[in-house]
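Working notes, structure below.
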Amino acid sequence: LEAIQSRHDAAVAASDLAAVFRSNADFHRALFALCPNQFLVSAIERAALQAHAVRFTAVQEPPALQRAQADHHAMLAAMRDADRQKLAALCREHLENALSARERMTRSLGDDPAAASGPGKPDSHD
Numbered sequence: 086l087e088a089i090q091s092r093h094d095a096a097v098a099a100s101d102l103a104a105v106f107r108s109n110a111d112f113h114r115a116l117f118a119l120c121p122n123q124f125l126v127s128a129i130e131r132a133a134l135q136a137h138a139v140r141f142t143a144v145q146e147p148p149a150l151q152r153a154q155a156d157h158h159a160m161l162a163a164m165r166d167a168d169r170q171k172l173a174a175l176c177r178e179h180l181e182n183a184l185s186a187r188e189r190m191t192r193s194l195g196d197d198p199a200a201a202s203g204p205g206k207p208d209s210h211d
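Positions 86 to 211 (this note's numbering) are the ones given, in order, by the sequence shown.
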């Protein structure tokens with residue numbers, strides 16, 4: 086996880102959005118793999134696949150990049166300290182931030198007719 090986060094940090098510093106996206110996905114996948122409940126891991130992985138659009142959109146916003154980076158470092162610190170309660174709280178907060186980003190993205194698509202319709206989209210008149 087530390088090595089993956091180092092790659093994420095370097096990608097953020099270089100503003101390499103594709104590398105940010107990949108290293109962020111790698112971080113989450115490695116974190117989930119530590120869970121002994123494989124049923125839960127499978128459910129999380131399915132949800133993570135659905136979140137790719139939100140994650141890719143979020144990596145384009147510098148404040149979201151910095152927040153995710155700080156969240157990851159805080160999670161790693163909680164793991165080093167073996168503080169499960171803090172880690173669980175940090176993971177919940179990280180998830181809530183992702184859900185908020187998804188809601189913002191959904192609202193922006195709904196508020197912008199050009200973004201909500203277009204070629205290949207249901208309301209398109211092409």
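Beta carbons are placed, not taken as given, at the ideal position from N, Cα and C, and that holds for glycine.
Check: Cβ neighbours of residue 163 in the same chain (closer than 7 angstroms, five flanking residues each side left out); Outcome: 171, 172, 175
Check: Nearest-angstrom beta carbon gap, residue 115 and residue 86 [assumed within contact, 8 angstroms]; Outcome: 5 angstroms
Check: Proximity to residue 146 [Cα-Cα], best of 128, 167, 187, 159; Outcome: 187
Check: Residue 146 - DSSP class collapsed to helix/strand/coil; Outcome: coil
Check: Residue 120 versus residue 157: straight-line alpha-carbon distance, rounded; Outcome: 17 angstroms
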